[in-house]
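One structure below.
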Amino acid sequence: MIQSTLDKGMWEELRKGKQRALKDIYEKYFEDLYHYGCCMCHDSSLVEDGIQDVFIDLFHYRSKISSPSNPKAYLISCLRRKLLSNLKKSRLFSLKPDATDFLIEESLEKNLISQETDQRILLKLKMALKKLTPRQKEIIFLKFVKDMDYEAISEILDMSPASCRTLMYRTAKCLKEELNDLQILQNPSLQKSTFTQVLRTFLPVLF
Numbered sequence: 001m002i003q004s005t006l007d008k009g010m011w012e013e014l015r016k017g018k019q020r021a022l023k024d025i026y027e028k029y030f031e032d033l034y035h036y037g038c039c040m041c042h043d044s045s046l047v048e049d050g051i052q053d054v055f056i057d058l059f060h061y062r063s064k065i066s067s068p069s070n071p072k073a074y075l076i077s078c079l080r081r082k083l084l085s086n087l088k089k090s091r092l093f094s095l096k097p098d099a100t101d102f103l104i105e106e107s108l109e110k111n112l113i114s115q116e117t118d119q120r121i122l123l124k125l126k127m128a129l130k131k132l133t134p135r136q137k138e139i140i141f142l143k144f145v146k147d148m149d150y151e152a153i154s155e156i157l158d159m160s161p162a163s164c165r166t167l168m169y170r171t172a173k174c175l176k177e178e179l180n181d182l183q184i185l186q187n188p189s190l191q192k193s194t195f196t197q198v199l200r201t202f203l204p205v206l207f
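For the sequence shown, position 33 (counting from the first letter as 1) is numbered 33 according to the UniProt record's numbering, and the numbering increases by one without interruption.
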């Protein structure tokens, strides 16, 4: 992802100590950060506190932070580390980062799937996702819900792009096998859809 001129300008202003720039960055990325954080943690107040801590650190260490090539990935990576640290201190999670339960919940506010057939597909997909590990759910979320490239995902997960591709390949293979077992891909309404299209259509409703 190439940093936009607007992003570059905001980060340059932040480095100069302009609080307005911090507010602009906060407002631009809060929704993405909150969405990601709530998939990591049940406690919305803990997520909000984590986001606040990220931006406090961002302003405090602004002179030492270079303008990131992908601001969204950078901020999500910061929030991920912050939440893992806070959760460990609270003894709510295992010390292993991969032990965090990346949550999948169907939002009542999302009415994107209304037809009875699609509801059945959605339920089966949710069952298939439960077979994945937390790390597999996380990379699926970043790739198909947040539409991030492997460079951005690697920054968030602290893995090399090559390792991310391998994880994505294995995750997709595992998920596709589950979907085949549940006969989702054989559904008449999906016959002209690719596996990727199915994921991009239905996954946003589950996260």
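Using N, Cα and C, we set each Cβ at its ideal position, and we do this for glycine too.
Check: Would you say Tyr74 reaches chain D, if we count a Cβ-Cβ gap shorter than 8 Å as a contact?; Outcome: The question asks about chain D, but that chain is absent: this structure has only one protein chain.
Check: Alpha carbon to alpha carbon, how far is Leu206 from Lys124? Give it in angstroms, no decimals.; Outcome: 11 Å
Check: Would the stretch 3-22 count as touching the stretch 35-47 if we require 3 or more Cβ pairs under 8 Å?; Outcome: no
Check: Considering only the alpha carbon of each residue, which of Tyr150, Glu27, Ala128 lies closest to residue 208?; Outcome: Beyond the ends of the chain as shown, which are 1 and 207, falls residue 208; an answer cannot be given.
Check: Under 7 Å from any heavy atom of the ligand MG, does the C-beta of Ile56 make it?; Outcome: What this structure holds is no ligand at all, so the ligand MG is not there to describe.
Check: Measuring alpha carbon to alpha carbon, tell me which of Thr133, Ile121, Ile156 ends up nearest Leu203.; Outcome: Ile121
Check: From Asn70 to Arg135, what distance separates their C-alpha atoms?; Outcome: 21 Å
Check: Between Ile139 and Leu157, which are expected to be in contact by the criterion C-beta below 8 Å, what is the C-beta distance as a whole number of angstroms?; Outcome: 7 Å
Check: Let me confirm a value: Ile153 is counted as buried when at least 16 other C-beta atoms fall within 10 Å, else exposed. Which label applies?; Outcome: buried
Check: Ignore the nearest five residues each way along the sequence and tell me which others in Pro161's own chain have a CB closer than 7 Å to its CB.; Outcome: Tyr150, Glu151, Ser154
Check: According to DSSP, is His60 helix, strand or coil?; Outcome: helix
Check: What residue from Thr133, Glu178, Glu48, Phe144 has the CA that sits closest to Asn86's CA?; Outcome: Glu48
Check: Could you check where the alpha helix (DSSP H) with Leu142 kicks off and where it finishes?; Outcome: Where Leu142 is concerned, there is no enclosing alpha helix (DSSP H), given that its DSSP letter is neither H nor E.
Check: Is Lys82 buried or exposed, if buried means 16 or more other CB atoms sit within 10 Å of its CB?; Outcome: buried
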